[in-house]
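Below is one structure, written out as structure tokens; comments come after it.
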Amino acid sequence: MVIGNIMQMFDDTIGVRAQIRMCQEQYGRLYGIYFFRKPVIMILDLELLKQVFVKDFGNFRDRFLFPDRKLHQPILRKGLFFEKGDNWHRQRKIMTQPFSSGKLKTLMHHINRTGRYLGDSLALCAREGKMAEAKVVFGAYALDVICGAAFGLDIDCQKNLDHPFAQYARSMMKIRKSAQLKMMCVGLCPPIAHLFDFLRIGFIKNSDIEFFRQNLSALVAERKSDSGSKAHSDFLQLLINAEAEDSEDLKGSKKLTTEEIVAQGILFIMAGYETMSSTLQYIFYEISRNRYMQENIVDEIQRVIGDKSEPTYEDLQKLKYTEAVINETLRYYPPIHLVPRESIQEVKLGPYVIPAKTGIIIPIWNIMRDPEYFSDPDCFQPERFLDDKKQTASMINFLPFGYGPRQCAGMRMAMIELKSAIVQVMKRVEMVSALPEVLDIEDYTGFLVPKQPIQLQMKAKDDA
10 MVIGNIMQMF DDTIGVRAQI RMCQEQYGRL YGIYFFRKPV IMILDLELLK
60 QVFVKDFGNF RDRFLFPDRK LHQPILRKGL FFEKGDNWHR QRKIMTQPFS
110 SGKLKTLMHH INRTGRYLGD SLALCAREGK MAEAKVVFGA YALDVICGAA
160 FGLDIDCQKN LDHPFAQYAR SMMKIRKSAQ LKMMCVGLCP PIAHLFDFLR
210 IGFIKNSDIE FFRQNLSALV AERKSDSGSK AHSDFLQLLI NAEAEDSEDL
260 KGSKKLTTEE IVAQGILFIM AGYETMSSTL QYIFYEISRN RYMQENIVDE
310 IQRVIGDKSE PTYEDLQKLK YTEAVINETL RYYPPIHLVP RESIQEVKLG
360 PYVIPAKTGI IIPIWNIMRD PEYFSDPDCF QPERFLDDKK QTASMINFLP
410 FGYGPRQCAG MRMAMIELKS AIVQVMKRVE MVSALPEVLD IEDYTGFLVP
460 KQPIQLQMKA KDDA
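Using the numbering used here, you'd call the opening residue of the sequence shown number 10 and step up by one each time.
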């Protein structure tokens, strides 16, 4: 009981997703495991998920983060993703504002410019006869968008893959075996968590977090000392304004502190870099393997956008087939395949009574590959998300962004970034092939990571 089902669930030779599928076949769509000494409920039943995500959200508002966030640096705990309780509710209300459609429209010039850099970079790679390492190239694009949209910085990581921002971002999101060792130590001897917390020993290297903390703190201080800073329209300025100003929605304790602003900035980088680069590599991997799908995307871009170099926000909303490809990619390869929650009080979940402080894990990959929820789930079929099909991206069985009040705040921003990247790349290059021919994906963390880096072979278009 000391280690519970950890070795069984996270056996690298089987894989987490396969293990969950085997347990579902044996125990059903709701069953319990022990995460070391911690009781955890695995839920794959959609009706029960509605209770967790929506109907009884107040009791499942917080994330289950073992061991109670102590292996996450203190600055990260103040960010929206890791925050709990009333602090999360206050932050969430503020953080919805930067991602409104009105705010996103003001960022289109930056997103388009960064997308052109991406397209030009891949076209140059194609002309030189080189294969592009997808995660690296799309990671640089993601970081350029984040730094421009969130902080007003033009760092151009796509031309300089060794820029310090790019180096530290890659390092920060690198999956290290040492993280498993730290978790195992805490699981075997829980008091060690307090020692690790005191010594600032966590999942992520302190030097990576400290680099971004120092740079963002300096940027916040610079903005506050600049009387003309309110002219900025980026996310950082919106958060600074939320700290400094009273409004009907943001009064008194409903403001963000300076430390919380910096924490949101670090989380922008972490979440945006990993999920965006991961999703784009899988999108273009599938495009490279499917000529019909590639032609449909190119035809739609030509029909909706034509020769315009600057698609508008409204133009991108009209790319329905492209959006279907994105949604199918997110279903097939969700960047984060396990979503955690935790019960605050004892609650009845279906026929079962769930004690307070019970961990909840929603294995969204397994749900989105369930034949009862999606027909032919192991086939990549964008058409399932088109208007004339029953499946829509707003249904509870489609969970790459979560569901309910704690759904990803940056979902709209992510879709705009993805569409812009596809438009700018497909205007300039033709996808020819991709390696490896068969993807072998690691899943012993919450991320889906190809064991071999995805390499893209392209051909530059004459009119690029």
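No residue lacks a Cβ here, since even glycine has one placed at the ideal position from N, Cα and C.
These numbers come from a predicted model, not from an experiment.
Residue closest to M424, alpha-carbon to alpha-carbon, out of E451, I29, L289: Reading the sequence shown from its first residue, position 415 is the one you call residue 424. It is L289.
Straight-line gap, G13 to K87 (C-alpha atoms, nearest Å): What you label residue 13 is simply residue 4 of the sequence shown in a count that begins at 1. What you label residue 87 is simply residue 78 of the sequence shown in a count that begins at 1. Cα atoms of G13 and K87: separation of roughly 30 Å, rounded to the nearest angstrom.
Straight-line gap, R70 to K64 (C-alpha atoms, nearest Å): In the sequence shown, the residue the question calls residue 70 occupies position 61. In the sequence shown, the residue the question calls residue 64 occupies position 55. In a straight line, the C-alpha of R70 is about 11 Å away from that of K64.
Touching by the beta-carbon criterion (3+ pairs, under 8 Å), the stretch 211-230 and the stretch 96-108: no
Entirely enclosed alpha helix (DSSP H) segments - the stretch 137-191, minimum 4 residues: You should have 143-160, 173-181.
Supposed contact pair F147 and S286 - C-beta distance, whole angstroms, cut 8 Å: Residue 286 sits at position 277 when you count from the first residue of the sequence shown. Residue 147 sits at position 138 when you count from the first residue of the sequence shown. That pair is a contact at about 4 Å.
Three or more C-beta pairs below 8 Å linking the stretch 444-451 and the stretch 118-126: no
P48 and T284 closer than 7 Å at C-beta: Taking the sequence shown and counting its residues from 1, one reaches residue 48 at position 39. Taking the sequence shown and counting its residues from 1, one reaches residue 284 at position 275. In this structure, T284 does not lie closer than 7 Å to P48 by Cβ.
Beta strand (DSSP E) segment containing G368, residue limits: On the sequence shown, position 359 is the one that residue 368 refers to. Here the beta strand (DSSP E) through G368 covers 368-372.
Where the alpha helix (DSSP H) through A216 begins and ends: Here the question's residue 216 lines up with position 207 in the sequence shown. The question names Ala, but residue 216 in the sequence shown is Ser. Boundaries of the alpha helix (DSSP H) around S216: 215-234.
Cross-strand partners of I431 (DSSP beta bridge): Taking the sequence shown and counting its residues from 1, the one referred to as residue 431 is at position 422. According to DSSP, which records beta bridges pairwise, I431 is partnered with nothing at all.
Residues that Q466 bridges to, as DSSP identifies them: Here residue 466 refers to the residue found at position 457 when the sequence shown is read from its first residue. Answer is S442.
Euclidean distance between Cα positions of L131 and H203: Counted from its first residue, the sequence shown places residue 131 at position 122. Counted from its first residue, the sequence shown places residue 203 at position 194. Cα-Cα distance, rounded: 47 Å.
Local conformation of G261 per DSSP, three classes: One-based indexing of the sequence shown puts residue 261 at position 252. Its pLDDT being 46, under 50, G261 is placed unreliably by the model, and nothing is read from it.
Simplified DSSP state of M117, which is helix, strand or coil: Counting from 1 along the sequence shown, the entry for residue 117 is found at position 108. Look at M117 here: in three-state DSSP terms it is helix.
Among S226, I292, D235, the one whose alpha carbon lies nearest that of I270: Counted from its first residue, the sequence shown places residue 270 at position 261. Considering only alpha carbons, the answer is S226.
Extent of the continuous alpha helix (DSSP H) to which P83 belongs: Counting from 1 along the sequence shown, the entry for residue 83 is found at position 74. 83-86 is the span of the alpha helix (DSSP H), which, as asked, contains P83.
Residue burial classification, G261 (beta-carbon count within 10 angstroms, cutoff 16): Indexing the sequence shown from 1 puts residue 261 at position 252. The predicted model places G261 with a pLDDT of 46, which falls under 50 and marks its position as unreliable; any figure quoted below should be read in that light. Burial call: exposed.
L116 beta carbon less than 7 Å from that of F212: For the purposes of this step, residue 212 is taken as residue 203 along the sequence shown, with counting starting at 1. For the purposes of this step, residue 116 is taken as residue 107 along the sequence shown, with counting starting at 1. No, they are not a contact pair.
Proximity of L5 and L228 at Cβ, strictly below 7 Å: A query on residue 5 cannot be resolved here, the shown segment of the chain reaching from 10 to 473 and no further.
R122 versus E319: straight-line alpha-carbon distance, rounded: For this step, residue 122 is matched to residue 113 along the sequence shown. For this step, residue 319 is matched to residue 310 along the sequence shown. Cα to Cα, R122 sits roughly 8 Å from E319.
Beta-carbon gap between L457 and I463 smaller than 7 Å: For this step, residue 457 is matched to residue 448 along the sequence shown. For this step, residue 463 is matched to residue 454 along the sequence shown. Going by C-beta atoms, L457 is not nearer than 7 Å to I463.
R378 beta carbon less than 7 Å from that of F108: Position 99 of the sequence shown, counting from 1, holds the residue named residue 108. Position 369 of the sequence shown, counting from 1, holds the residue named residue 378. Cβ distance not < 7 Å, so F108 and R378 don't count as in contact.
Sheet register partners of M51 (DSSP bridge): Translated into positions along the sequence shown, residue 51 becomes position 42. Bridge partners of M51: Y40, I370.
For K112 and M104, the rounded distance between their alpha carbons: Indexing the sequence shown from 1 puts residue 104 at position 95. Indexing the sequence shown from 1 puts residue 112 at position 103. Their Cα atoms are separated by approximately 12 Å.
Where I270 sits in the DSSP three-state scheme: Along the sequence shown, read from residue 1 onward, the residue named residue 270 stands at position 261. Three-state result, I270: helix.
Collapsed DSSP secondary structure at E381 in the structure displayed: Looking up residue 381 in the sequence shown gives position 372. Looking at E381 - three-state DSSP - the assignment turns out to be coil, as it is neither helix nor strand.
I23, buried or exposed, once every other Cβ within 10 Å from all chains shown has been counted against 16: Your numbering for residue 23 matches position 14 in the sequence shown. Only exposed fits I23, as fewer than 16 other CB atoms lie within 10 angstroms of its CB.
Between the CA atoms of Y282 and I29 - distance to the nearest angstrom: Here residue 29 corresponds to residue number 20 of the sequence shown, with the count starting at 1. Here residue 282 corresponds to residue number 273 of the sequence shown, with the count starting at 1. If you take the alpha carbons of I29 and Y282, they lie about 28 Å apart.
Contact between the stretch 386-393 and the stretch 330-349 (3+ Cβ pairs under 8 Å): yes
Bridge-paired residues (DSSP) for P349: The residue given as residue 349 occupies position 340 in the sequence shown. Paired residues: I370.
The stretch 157-177 contacting the stretch 306-320, beta-carbon criterion three pairs below 8 Å: no
Alpha carbon of Q246 to alpha carbon of Y150, nearest angstrom: Within the sequence shown, the letter at position 237 stands for residue 246. Within the sequence shown, the letter at position 141 stands for residue 150. Straight-line Cα distance between these residues: approximately 22 Å.
Whole-angstrom distance between I314 and K327, CA atom to CA atom: Position 318 of the sequence shown, counted from the first residue, corresponds to residue 327. Position 305 of the sequence shown, counted from the first residue, corresponds to residue 314. Each residue's alpha carbon lies about 9 Å from the other.
Residue range of the unbroken beta strand (DSSP E) whose run includes V362: One-based indexing of the sequence shown puts residue 362 at position 353. Residues 361-363.
Identity of the residues DSSP links to V458 by a beta bridge: Within the sequence shown, residue 458 is the residue found at index 449, counting from 1. Answer is E451.
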